[in-house]
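Everything on this sheet refers to the single structure shown next.
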Amino acid sequence: QKEVEQDPGPLSVPEGAIVSLNCTYSNSAFQYFMWYRQYSRKGPELLMYTYSSGNKEDGRFTAQVDKSSKYISLFIRDSQPSDSATYLCAMRSNAGGTSYGKLTFGQGTILTVHP
Amino acid sequence: SAVISQKPSRDICQRGTSLTIQCQVDSQVTMMFWYRQQPGQSLTLIATANQGSEATYESGFVIDKFPISRPNLTFSTLTVSNMSPEDSSIYLCSANGGAETQYFGPGTRLLVL
């Protein structure tokens, strides 16, 4: 079993739709959660970062973390064609030593928002 | 946030040769990381590069194949040695941004023939 599971999609929605992207994880040591957006032929771009259970909002994006269920989500409101990309969840623990800072990524979800 | 650049952006290499990828950060950072992303796949950590110490490699990656240098707090290199077609991939450099996040470079697209 992978430490982080993410539905690879692909996901296709009409412009203006609400998009829900999800990841589950098995390692209870994960404490910090990130969402990255990766456009084709580009490096991942950090979208959201959170470390506590609950919701964090930034414009059209909301990151949700439920540590008790080991489940995180990214919601995109009023989706735009420019949101079409691969979305990657990533997480890390508090571990020190050689594991410090190490991110574990989900498989990525390919999102297409069509006009 | 840190701005990260990589050179080269892409390359086509012959099997058996080596390629060195450079990563430059616009500010001093304590930790730099090298990832591999195979087509349509997620990111796999190759190694962590800390200034002034040996790189720490993940399971399945060895120093002889992927030697790493970290001469200062803004620069690192990854060499892909004795390449085979299986090494064709995107190689990404990242750096810690503050205590908890990482920022990524644009990647180096490598094709080995």
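Going line by line, the protein sequences match chains A and B. If you read the first sequence in our numbering, its first letter stands for residue 15, the second for the next number, and so on. If you read the second sequence in our numbering, its first letter stands for residue 3, the second for the next number, and so on. Glycine included, each C-beta is placed from N, C-alpha and C at the ideal position.
Practice prompt. Enumerate in chain order the residues of its own chain whose CB-to-CB distance from Ser90/B is below 7 Å, with the five nearest sequence positions on each side excluded.
Written response: Here the question's residue 90/B lines up with position 88 in the second sequence. Excluding positions up to five away in sequence, the list reads Leu112, Leu113, Val114.
Worksheet entry | Whole-angstrom distance between Phe89/A and Gln52/A, CA atom to CA atom | Counted from its first residue, the first sequence places residue 52/A at position 38. Counted from its first residue, the first sequence places residue 89/A at position 75. When rounded, the distance between both Cα atoms is 16 Å.
Worksheet item: Using DSSP with H/G/I as helix, E/B as strand and the rest coil, what is Pro95/A?
Response: As a first step, residue 95/A must be located in the first sequence, where it is residue number 81. Helix, per DSSP.
Worksheet item: Among Gly30/A, Pro22/A, Phe75/A, which one has its Cα closest to the Cα of Pro129/A?
Response: Within the first sequence, residue 129/A is the residue found at index 115, counting from 1. Taking only the C-alpha atoms, the option nearest Pro129/A is Gly30/A.
Worksheet item: Using a beta-carbon distance below 7 Å, is Gly122/A in contact with chain B?
Response: Taking the first residue of the first sequence as 1, we reach residue 122/A at position 108. Chain B contact via Cβ: present.
Worksheet item: Excluding five sequence neighbours on each side, which residues of the same chain lie with their C-beta closer than 6 Å to the C-beta of Pro24/A?
Response: Numbered from its first residue, the first sequence carries residue 24/A at position 10. Cβ neighbours of Pro24/A beyond the five flanking positions: Ile124.
Worksheet entry | Proximal residues to Ala43/A (C-beta, below 6 Å), its chain only, five neighbours per side dropped | Working through the first sequence from its first residue, we reach residue 43/A at position 29. Ser107.
Worksheet item: What residues match up with Ala31/A in a beta bridge as DSSP calls it?
Response: Counting from 1 along the first sequence, the entry for residue 31/A is found at position 17. DSSP output for Ala31/A lists no bridge partner at all.
Discussion item. Taking DSSP's pairing of strands, which residues face Gly68/A in a bridge?
Written reply: Residue mapping note: residue 68/A aligns to position 54 of the first sequence, counting from 1. Note: Gly68/A sits in a beta bridge opposite Val79/A.
Worksheet item: Just checking, does the region 82 to 101 of chain A make contact with the region 52 to 64 of chain A on the three C-beta pairs under 8 Å criterion?
Response: yes
Discussion item. Rounded to the nearest angstrom, what separates Ser34/A and Gln78/A at their Cα positions?
Written reply: Here residue 34/A refers to the residue found at position 20 of the first sequence. Here residue 78/A refers to the residue found at position 64 of the first sequence. Whole-angstrom Cα-Cα distance: 10 Å.
Worksheet item: For Ser91/B, which residues does DSSP report across the bridge?
Response: On the second sequence, residue 91/B is found 89 positions in, with the first residue counted as 1. In the DSSP output, where bridge partners are listed per residue, Ser91/B has Leu112/B.
Worksheet item: Does DSSP put Pro73/B in a helix, in a strand, or in coil?
Response: As a working note, residue 73/B is residue 71 in the second sequence. Strand, per DSSP.
Practice prompt. Could you list which residues in chain A have their beta carbon closer than 7 Å to that of Ser44/B, in chain order?
Written response: In the second sequence, counting from the first residue as 1, residue 44/B sits at position 42. Within 7 Å Cβ-Cβ: Leu102, Phe119, Gly120, Gln121, Gly122.
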